[in-house]
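A.B. asks:
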Amino acid sequence: MAGIRAMTGEFRVGRAHRLWRRTTVFLSALAAGSLVVASGVRAEDYPDYTRSSFYVPVRDGTKLAMNVYRPANADGVTDEKLPVIFAFTPYRARYKDKDGKIVEAALGDQLALRSLLRAGYVVAVADIRGKGASFGHRRGFQDRTEARDGYDLVEWLAHQPFSSGKVGMIGCSYLGGTTMHTVSTAPPSLKAAFIGATDWDKYAFVRRGGLTAQFNTRPDEPPTVDLASVPVDADPDGAMLRKAVAEHAANTSMGGLWYSMPYRDSVSPLTGNDFWNEVAIWRYADAIRKSGIATYMWGNWKDEPTSQVLVAAKNLGSRLLVGPGSHCVPPPGFDFTGEITRYFDYYLKGADNGFSAQPPVTFWSADGNAEGHYVRQDALPGAGSTTWSWYLNGGDMDGARALSSRPGESGTDRFTVDYDVANDAYFAFWPEPLDAHGITYTSAPLEHPVDLLGYPLAHLQLQSDRPDADVFVYLEEVSPGGAAQVLSFGRLKLSHRAIAPAPWDNLGLPWHSGLRKDVSPLGKGETARMEIAMMPLSHRIEPGYRLRFVMTGADPRQRNLAEVRQDPPPVLEIERGWQSGSRIDLPLREPHDAAISGQIGGPGGRGTYPAVAQARADAPGYTIYRPQVLPEGKLPLVLWGNGGCRDDGLSAGHALKEFASHGYLVIANGAPRQERPVLAALPQPGEGPMRMPTEAERKADETSAAQMLDAIDWAERVNADPADPLYGHIDTTRIAATGHSCGGLQALAAGADPRVDTVIAFGSGVYNRTGSGLSGVKIVKDDLKRLHTPVAYILGGPTDIAYPNGTDDFARIAHVPVMLANLPVGHGGTLALADGGEWARVGATWLNWQLKGDRQAGLMFTGQDCGLCKTPGWTVKRKQFPAKP
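Take the sequence shown: its position 839, counted from the start at 1, is 823 in this note's numbering, and no numbers get skipped.
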């Protein structure tokens, strides 16, 4: 663990809205296995500067306005050849504000440019073609022409007498885009780039989910804005400036461009090509990676581009910084200018400053009581988070719809789209609460603090009275006093609901292609399955606060609401309940003090060895449960299949920790996706679905009995690997196959394997009629004859939908010891209670008897006066059973 912590640094500051009292930077000192704190204040090597401006022609002859700032001190401008930092802007390098004051981008520190000038860098800022004082016109928005302009200017700067030949670029928002596009052309002299708030895929950025509903559709500026630019030095009367601005009239309309291309493969009438592909950075990813240009991505949690910044960092292998604020706001409480300066010092000056040893990811974490802190680590934020599902449920006596950790009764909720949502915000980077304009589902107040880190994901089943409609979803936090704030949001047109494989690593999120062929209006009576990835977040929900899920059919950031509104407005119907699974999956942060690599959550179980869940890279598709501290003896192996045969190894986590705490290695089918909260009490008997599903309700199994048995092979491999922490700790000669519901069928099927020593089927039994259930497990009644070990059926009484099947199995088995134990708690049993409740207690005792030969445990099940026989609520039947353990 010391080695892991040597790669991770944290420093704590107040929350973003507080005053920041100190600025520190953490430098990794890996050789010493510790972190060194350095002051954020640095000496001003060059307190002064000189500026010059001129036009630089690029390859097609267009003249672009360039401003160059050179460091100076009391002795004047330095003669030393220095590296150059270049920013390429549409927002004017120099201009006069409404009061006539000259504003210069290079002399501000929002992008650390003034600090870099002081630190001994030449700083150059140029206006892009078609903006500011530059000539030409802008074709589209960040097209290849603009990218090649960036290339030409980088190389021009590198070959000037004041230059060392090494150039770095920096930018945020549009400037982040010009930086990224210039990087994609791989200029030989460009060595490093610091890139903020830009996109990886322009289509998904501007038309996310097929909808234009963000700030890139704002109106274009009038000519007076560019005419306020300060002319270059050789244009004292502004004549060239006026000629340049006159050419800007041919600029492509930004909003018009985006509105003209509804599909990813649309051909724009304004550019004459499939413009989305031309401006998609992901298409140039190989060139960027091969260029050797260092990249450092930056975003903030309350800024929509951060969703794509994380994806870009993953796919390019970039460094990453995520702060707590809004669009392009320097992260408070963090030595932002110092970080940037050290980054460029390392790559452009060759400084031996320890920067390369620093973990590549830095992000603001919201956990901590009334505080936040910055974390340095190797993985992207949220990479270790688990899924915490909250289901959309029906109303209470007052009609309030609920957001709950378990699905309720099946039902539908309707709402009519409200288009009266518009506001006058010019730059709406983040939405305000819209609960008054849609349908809401609200949780009970949280009892404990919850830390969220990563991407929420909404799963909805919807019907509409129109072939198409816009769907917006929001996750809100509601304070005890009723104040609300939006934590995350997403959007998706019904017709864009199809999911396709992404052409890049999309961090496991659903990808909607937007291709014309994949867009499909909703048929009459058809139900749309919507999976909507929402904005990433880092946020702590404090006790007493509520979660609120909001869905609308319109958003104030849709500047074209007048054109897209339907009259009358669409009516949307949400299906909810256990069958539809309409819910929002929240990214629950893994505690960062976990003692085991890949540990999920904290320890649990009532046994001698508190146990933990674990995700292992060498066991994809499984979740491992093991004692937190391995005992001296070997761990028998317990295989587990989940209810519904789901691909979620955390679905019965409380019970599986209970098993493992008695000294077992438990391998559950399914990746770790959702650690369910502990229920204080079970629903009343009889609640929930009490019938077999119809053919139409069946869904394909996500895991299999073969997968369960493959886990034995994995256990044997790691048990024989001297480098593995589990080496020599597993007893692969003592194995149980266990599972719940559909997973119980997997256990019964796996029980035919000669390596299996016992079987426990919770709430399960082979279907009395072939094909009469949800599962695709290939097992019939005759297969019960293949069982060769003691079998335990643990059922939930007559209200358990598996009760007839399990009871019939018991009656048929006549060749091995078999027990039928019933506790009238329904099909879900007690698995959701603390430590798995009674079902897990009885299951662990059975394992102790069968796999460890524990005679005391055997007394629970043997003899006329068996312990379980006397336990209130239980009824027990046995056949072919020994009289004594």
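Just so you know, even glycine gets a beta-carbon here, dropped at the ideal spot from N, CA and C.
State the DSSP-derived secondary structure class of Glu822, mapped to helix, strand or coil.
C.D. replies: Glu822: helix per DSSP, three-state reduction.
A.B. asks: Does the Cβ of Asp793 have 16 or more other Cβ atoms within 10 Å, making it buried, or fewer, making it exposed?
C.D. replies: Result: buried.
A.B. asks: Count the other CB atoms within 10 Å of the CB of Ile86; is the residue buried (16 or more) or exposed (fewer)?
C.D. replies: So Ile86 ends up on the exposed side.
A.B. asks: Could you give the uninterrupted runs of the beta strand (DSSP E) lying entirely in the stretch 608 to 696, keeping only those of 3 residues or more?
C.D. replies: 619 to 625, 649 to 653, all fully within the stretch 608 to 696.
A.B. asks: If you draw a straight line from the alpha carbon of Trp4 to that of His357, how long is it in whole angstroms?
C.D. replies: Caution applies to Trp4, whose pLDDT of 27 falls short of 50 and renders its modelled position unreliable; the value that the coordinates give is listed next. If I take the Cα positions, the gap works out to 12 Å.
A.B. asks: Which residues does DSSP pair with Ala805 in a beta bridge?
C.D. replies: Paired residues: Ile778, Val860.
A.B. asks: Does the separation of the CB atoms of Gly92 and Arg98 fall below 8 Å?
C.D. replies: Contact: yes.
A.B. asks: DSSP state of Arg385, grouped into three classes?
C.D. replies: In this structure, Arg385 counts as strand in the three-state DSSP scheme.
A.B. asks: Going by alpha carbons, who is nearest to Gln864 out of Pro801, Ala690, Arg390?
C.D. replies: It is Pro801.
A.B. asks: Does Gln658 pass the burial test, meaning 16 or more other C-beta atoms within 10 Å, or should it be called exposed?
C.D. replies: Looking at its Cβ environment, which holds 16 or more other Cβ atoms inside 10 Å, Gln658 is buried.
A.B. asks: Could you give the distance in angstroms between the alpha-carbon of Pro145 and the alpha-carbon of Gly161?
C.D. replies: Rounded to whole angstroms, Pro145 to Gly161 spans 28 Å at the Cα level.
A.B. asks: For Phe189 and Asp258, what's the separation of their Cα atoms in angstroms?
C.D. replies: Each residue's Cα considered, the two are about 16 Å apart.
A.B. asks: At the level of alpha carbons, what is the spacing between Leu101 and Gly239?
C.D. replies: Distance between the alpha carbons of Leu101 and Gly239: 36 Å.
A.B. asks: Should the stretch 498 to 516 be regarded as contacting the stretch 421 to 429, the criterion being three or more beta carbon pairs within less than 8 Å?
C.D. replies: No, they do not touch.
A.B. asks: Closer than 7 Å by C-beta to Arg500: which residues in its own chain qualify, once you throw out the five before and the five after it? Chain order, please.
C.D. replies: The answer, listed in chain order, is Tyr247, Asp249.
A.B. asks: Is Leu174 near Phe72, with beta carbons less than 8 Å apart?
C.D. replies: The answer is no: Cβ separation not under 8 Å.
A.B. asks: I think Gly591 touches Ala828, with their Cβ atoms under 8 Å apart; what is that distance to the nearest whole Å?
C.D. replies: With a Cβ gap of about 7 Å, Gly591 and Ala828 count as contacting.
A.B. asks: Tell me Asp336's beta-bridge partners as DSSP assigns them.
C.D. replies: Answer is none; Asp336 lacks a bridge partner.
A.B. asks: Compare the beta carbon distance of Ala595 and Arg610 with 8 Å and say whether it is the shorter of the two.
C.D. replies: Contact flag set, yes.
A.B. asks: Just curious, the beta strand (DSSP E) that Gly152 is in, first and last residue?
C.D. replies: Segment 147 to 156, the beta strand (DSSP E) holding Gly152.
A.B. asks: Since I believe Ile265 is in contact with Ala177 (beta carbons under 8 Å), could you give me their beta-carbon distance rounded to a whole number of angstroms?
C.D. replies: Actually they do not touch by this definition, with Cβ atoms about 12 Å apart.
A.B. asks: Which residues does DSSP pair with Phe473 in a beta bridge?
C.D. replies: Bridge partners of Phe473: Tyr458.
A.B. asks: Check whether the Cβ atoms of Leu444 and Ser635 lie closer than 8 Å to each other.
C.D. replies: Their beta carbons are not under 8 Å apart, which means Leu444 does not touch Ser635 by this criterion.
A.B. asks: How big is the Cα-Cα spacing for Ser12 and Pro709?
C.D. replies: Confidence at Ser12 is low in this model, with a pLDDT of 30, below 50, so the placement of that residue should be treated as unreliable; the coordinate-derived value is given next. Going by the C-alpha atoms only, they are around 27 Å apart.
A.B. asks: Whose C-beta lies closer than 7 Å to the C-beta of Gly395 among residues of the same chain, with five residues either side of it excluded?
C.D. replies: Answer for Gly395: Gly378, Arg560, Gly561, listed in chain order.
A.B. asks: Over the uninterrupted beta strand (DSSP E) stretch that includes Lys80, give me the two end residues.
C.D. replies: Run containing Lys80: 78 to 80, per the beta strand (DSSP E) assignment.
A.B. asks: Residues in its own chain within less than 8 Å of Pro308 by CB, not counting five upstream and five downstream?
C.D. replies: Contacts found: Arg(-1), Ala0, Asn284, Trp285, Lys286, Pro315, Pro316, Trp348, Ala350, Gly356, Ser522.
A.B. asks: Do the stretch 480 to 493 and the stretch 397 to 405 meet, that is, are 3 or more Cβ pairs less than 8 Å apart?
C.D. replies: Not touching, per the Cβ criterion.
A.B. asks: Between the beta-carbon of Asn51 and the beta-carbon of Ala77, is there less than 8 Å?
C.D. replies: Cβ atoms of Asn51 and Ala77: closer than 8 Å.
A.B. asks: Per the contact definition of three or more C-beta pairs closer than 8 Å, is the stretch 523 to 534 in contact with the stretch 328 to 342?
C.D. replies: Verdict: no, contact absent.
A.B. asks: How would you write the range of the beta strand (DSSP E) that Phe189 sits in, first residue to last?
C.D. replies: No beta strand (DSSP E) holds Phe189; the alpha helix (DSSP H) holding it covers 186 to 190.
A.B. asks: Whole-angstrom Cβ separation of Glu205 and Gly120, contact assumed at under 8 Å?
C.D. replies: That pair is no contact at about 16 Å.
A.B. asks: How about Met519 and Leu441: are their beta carbons less than 8 Å apart?
C.D. replies: No; because the gap between Cβ atoms is not below 8 Å, this pair is not in contact.
A.B. asks: Can you tell which of Val860, His646, Pro571 has its C-alpha closest to the C-alpha of Thr791?
C.D. replies: The shortest C-alpha separation from Thr791 is found at Val860.
A.B. asks: Measuring straight from C-alpha to C-alpha, what distance separates Leu211 and Ala108?
C.D. replies: If I take the Cα positions, the gap works out to 21 Å.
A.B. asks: From the DSSP output, in three-state form, read off Leu437 for me.
C.D. replies: In this structure, Leu437 counts as strand in the three-state DSSP scheme.
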